[in-house]
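> Offset between the sequence shown (1-based) and the numbering used here: plus 160. Glycine included, C-beta positions come from ideal geometry on N, C-alpha and C.
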Amino acid sequence: MLDRNLRVYKEQLLDPVARQIGQDIHPTTITVAGAFVGVAAGVAGWQQAYWLGLVLWLLNRVLDGLDGTGARRDGGGQGFGGQLETG
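1. Hey, could you find the ends of the alpha helix (DSSP H) Ala-195 is sitting in?
2. Hey, how far is the Cα of Gln-208 from the Cα of Gly-194?
3. What's the C-alpha gap between Tyr-151 and Leu-219?
4. When the distance is taken between beta carbons, is Gly-198 closer than 9 angstroms to Leu-216?
5. With burial defined as no fewer than 16 other Cβ atoms inside 10 Å of the residue's Cβ, what is the status of Leu-226: buried or exposed?
Structure representation (structure tokens):
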């Protein structure tokens, strides 16, 4: 329920960005980039580079929100990118 309520604010925040980059970058590309950034955040934490890990994790969270916003905006929600995220 909390996720559903917060999604409205997330969409309002990320929609202008998704609209701007959505013309050039497909949401699935953002999903894959977010996955690599997430793995890099884990590696940074493992290597005790905690500040870098935090920055990469925050970037991963933004990319995760951005790919979904872009996909829903383009009418392609729950497509291949959604399958990538849910496994």
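By the coordinates alone:
1. Indexing the sequence shown from 1 puts residue 195 at position 35. Note, Ala-195: alpha helix (DSSP H), 187 to 206.
2. Position 48 of the sequence shown, counted from the first residue, corresponds to residue 208. Position 34 of the sequence shown, counted from the first residue, corresponds to residue 194. Answer to the nearest angstrom: the Cα atoms are 21 angstroms apart.
3. Here the chain comprises residues numbered 161 to 247, so residue 151 is not present and cannot be evaluated.
4. Reading the sequence shown from its first residue, position 56 is the one you call residue 216. Reading the sequence shown from its first residue, position 38 is the one you call residue 198. Yes.
5. In the sequence shown, residue 226 corresponds to position 66, counting from 1. By the neighbour-count rule (16 or more Cβ atoms within 10 Å), Leu-226 is buried.
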